[in-house]
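If you're matching positions, the sequence shown starts at 1 in UniProt numbering and goes up one per residue. Quick reminder that beta carbons are idealized off the backbone N, C-alpha and C, glycines included. It should be emphasised that the depicted structure is a prediction, and the values quoted were computed from it without experimental measurement.
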Amino acid sequence: MKELIEYILQFGNLNKQQIALIKQKATEIELPKGQYFSEAGKIPRQVGFVLEGVFRFCYYNNKGEEITDYFIDENHFVTDYLNFDANMAASEYVQAVTDCRLLVFAKQDWNDK
């Protein structure tokens with residue numbers, strides 16, 4: 001949790017109530033290497049903050065070839081945000097490249113003010 005708070009503080013200040021709210025809403029999970037955080041064809045339901053590990057965004061082209069788009073590593077947010085925000089099915093996969101540990105926020109918690 002400390003990593004997330006420090007990350008946010010790079011961009012502004014948080015008061016004690018805001019920090020408490022973040023701590024209340026976040027859930028720590030682990031994803032083993034190869035598991036998907038988000039899958040094409042499904043609506044992304046959570047935002048994650050990577051504490052340990054690496055994720056990749058990938059998709060399949062019209063020839064059926066797997067294409068890696070980019071990677072997300074520690075101390076960054078991971079989600080298919082456009083589809084998460086629009087409540088639409090994703091066109092890409094978000095897959096753990098290594099064993100990963102992250103803080104996740106469900107859509108409802110993410111949208112709480």
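- Task: Would you grab the beta carbon distance between residue 112 and residue 25 for me? Rounded to a whole angstrom, and I think it's under 8 Å.
- Result: Walking along the sequence shown from the start, residue 112 turns up at place 112. Walking along the sequence shown from the start, residue 25 turns up at place 25. Between residue 112 and residue 25, the beta carbon gap of about 7 Å places them in contact (Cβ cut-off 8 Å).
- Task: For residue 41, count neighbouring Cβ atoms within 10 angstroms of its own Cβ and tell me buried if that reaches 16, exposed if not.
- Result: Mapped onto the sequence shown, residue 41 falls at position 41. Flag for residue 41 reads exposed.
- Message: What would DSSP say about residue 18, mapped onto helix, strand or coil?
- Response: For the purposes of this step, residue 18 is taken as residue 18 along the sequence shown, with counting starting at 1. Here residue 18 carries a helix assignment [DSSP, helix/strand/coil].
- Query: Nearest-angstrom Cα distance between residue 99 and residue 67?
  - Reply: Numbered from its first residue, the sequence shown carries residue 99 at position 99. Numbered from its first residue, the sequence shown carries residue 67 at position 67. Rounded to the nearest whole angstrom, the C-alpha separation of residue 99 and residue 67 is 21 Å.
- Query: Near residue 83, what residues of its chain come up, given a Cβ to Cβ distance below 6 Å and the 5 sequence neighbours on each side ignored?
  - Reply: If you number the sequence shown from 1, residue 83 lands on position 83. Cβ contact annotation for residue 83 (same chain, cutoff 6 Å, sequence separation greater than five): 44 and 90, in chain order.
- Query: Since residue 59 contacts residue 6 with CB under 8 Å, what's their CB separation in whole angstroms?
  - Reply: The residue given as residue 59 occupies position 59 in the sequence shown. The residue given as residue 6 occupies position 6 in the sequence shown. Cβ-Cβ separation between residue 59 and residue 6: approximately 32 Å, too far for a contact (criterion under 8 Å).
- Query: According to the neighbour-count rule (16 or more other Cβ atoms, all chains shown, within 10 Å of its Cβ), is residue 37 buried or exposed?
  - Reply: Here residue 37 corresponds to residue number 37 of the sequence shown, with the count starting at 1. Residue environment analysis places residue 37 among the buried positions, since at least 16 neighbouring C-beta atoms fall within 10 angstroms of its C-beta.
- Message: Can you tell me whether residue 84 is helix, strand or coil according to DSSP?
- Response: Your numbering for residue 84 matches position 84 in the sequence shown. Note: residue 84 maps to helix in three-state DSSP.
- Message: On the criterion of 16 or more Cβ atoms from any shown chain inside 10 Å, does residue 96 qualify as buried, or is it exposed?
- Response: The sequence position of residue 96 within the sequence shown is 96, counting from 1. Classification for residue 96: buried.
- Query: From this set, 70, 11, 47 and 108, which residue's C-alpha is nearest residue 28's C-alpha?
  - Reply: On the sequence shown, residue 28 is found 28 positions in, with the first residue counted as 1. The residue among 70, 11, 47 and 108 with its C-alpha nearest the C-alpha of residue 28 is 47.
- Could you give the distance in angstroms between the alpha-carbon of residue 77 and the alpha-carbon of residue 23? Taking the first residue of the sequence shown as position 1, residue 77 is located at position 77. Taking the first residue of the sequence shown as position 1, residue 23 is located at position 23. For residue 77 and residue 23, the distance between alpha carbons rounds to 16 Å.
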